[in-house]
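Peer 1: To start, I am sharing the structure in question, which I have written as structure tokens.
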Amino acid sequence: MRLIVGVSGASGSIYGLRLLEKLRRDPSVEIHLVLTRSAKRTAFLELGKKAADFKRLAHYSYPLEDVGCRLASGSFLTDGMVIAPCSIHTMSAIAAGISSNLLVRAADVTLKERRKLILMVRETPLHLGHLRTMVALAEMGAILCPPVPAFYHQPQTVMDIVDHSVDRVLDLLGLPAGDAKRWDGRSLEDEAKA
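Going by my numbering, 131 is the number at position 129 of the sequence shown; the sequence numbering is gapless.
Right, dumping it as structure tokens:
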């Protein structure tokens with residue numbers, strides 16, 4: 003499986019890093035990485051990580067300005083793209099078809115070729131413009147997967163919460179994590195017996 007991973011400058015760079023770590027464990031996945039300048043700054047501020055820490059987890063990485071590289075063409079076959087985290091700026095540019103950099107162009111190509119585009123949009127609260135943009139992207143075929151925490155798996159650490167959101171993205175890619183914590187569907191009767 004050949005995947006593009008984009009990391010934008012939204013808060014939550016841990017989602018991009020953790021996604022790369024989990025994807026890298028699977029030898030059947032080829033990872034193509036695009037980092038924005040803001041992503042590099044956010045990763046350093048939030049995690050103390052540098053671009054090199056992200057790049058070493060990818061098989062290939064590309065400069066943001068390289069809109070002539072293979073990721074910018076639909077003839078380069080990929081199985082999908084994830085932007086984790088996805089800023090409102092990046093989300094809006096994708097929705098408007100403004101291919102001003104490689105991250106947005108690769109997402110645009112992913113949509114036009116009817117490939118899977120997953121956006122881990124990181125913003126709250128959302129105003130009406132954000133919501134309308136999300137609707138437009140859903141109508142274009144994008145999957146909006148904000149990293150909204152769940153608690154049925156009884157997380158004990160921040161990383162448990164991060165992993166839950168990343169594992170949901172892996173499910174959407176058809177690459178389920180073997181260690182993902184899942185709802186077991188216990189009924190009220192089961193709970194009463196416990």
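Beta carbons are placed, not taken as given, at the ideal position from N, Cα and C, and that holds for glycine.
What do you reckon, is the C-beta of Met93 under 7 Å from a heavy atom of the ligand NAP?
Peer 2: With respect to the ligand NAP, the structure shown offers nothing to examine, as it has no ligands at all.
Peer 1: How is Arg4 classed by DSSP in three states: helix, strand or coil?
Peer 2: Strand, per DSSP.
Peer 1: Tell me the DSSP bridge mates of Lys118?
Peer 2: For Lys118, which the question treats as bridged, DSSP gives the partners Gly82.
Peer 1: Under 8 Å Cβ to Cβ from Lys57, same chain only, skipping five residues before and after it: list those, please.
Peer 2: Closer than 8 Å at Cβ, skipping near neighbours: Leu35, Leu37 and Ser63.
Peer 1: With a cut-off of 8 Å on the beta carbons, I'd call Leu175 and Met142 a contact; round off their distance for me.
Peer 2: Actually they are not in contact, since the Cβ atoms of Leu175 and Met142 sit about 18 Å apart, beyond 8 Å.
Peer 1: Assign His129 to one of three DSSP states: helix, strand, or coil.
Peer 2: Coil, per DSSP.
Peer 1: Of all the options Ile16, Val31, Phe78 and Val123, which has the alpha carbon lying nearest to the alpha carbon of Val160?
Peer 2: Of the listed residues, the one whose Cα sits closest to Val160 is Ile16.
Peer 1: Check His91 in the structure and name its three-state DSSP category.
Peer 2: In this structure, His91 counts as helix in the three-state DSSP scheme.
Peer 1: When you compare the stretch 72-79 with the stretch 39-52, are there three or more beta-carbon pairs, one atom per stretch, that lie closer than 8 Å?
Peer 2: The answer is no - the stretch 39-52 does not touch the stretch 72-79, with fewer than three Cβ pairs under 8 Å.
Peer 1: So what does Val31 bridge to, in DSSP terms?
Peer 2: The partner list for Val31 (beta bridge, DSSP) is empty, contrary to what the question assumes.
Peer 1: Can you grab the Cα-Cα spacing for the pair Pro151 / Leu5, in whole Å?
Peer 2: Looking at the two C-alpha atoms, the distance is approximately 24 Å.
Peer 1: Over what stretch of residues does the alpha helix (DSSP H) that includes Tyr17 continue unbroken?
Peer 2: It spans Ser15 to Arg26 - the alpha helix (DSSP H) in which Tyr17 sits, taken as one unbroken run.
Peer 1: Can you find a CB in chain C that lies within less than 8 Å of the CB of Gly14?
Peer 2: Given the protein chain composition of this structure (a single chain), no chain C is represented.
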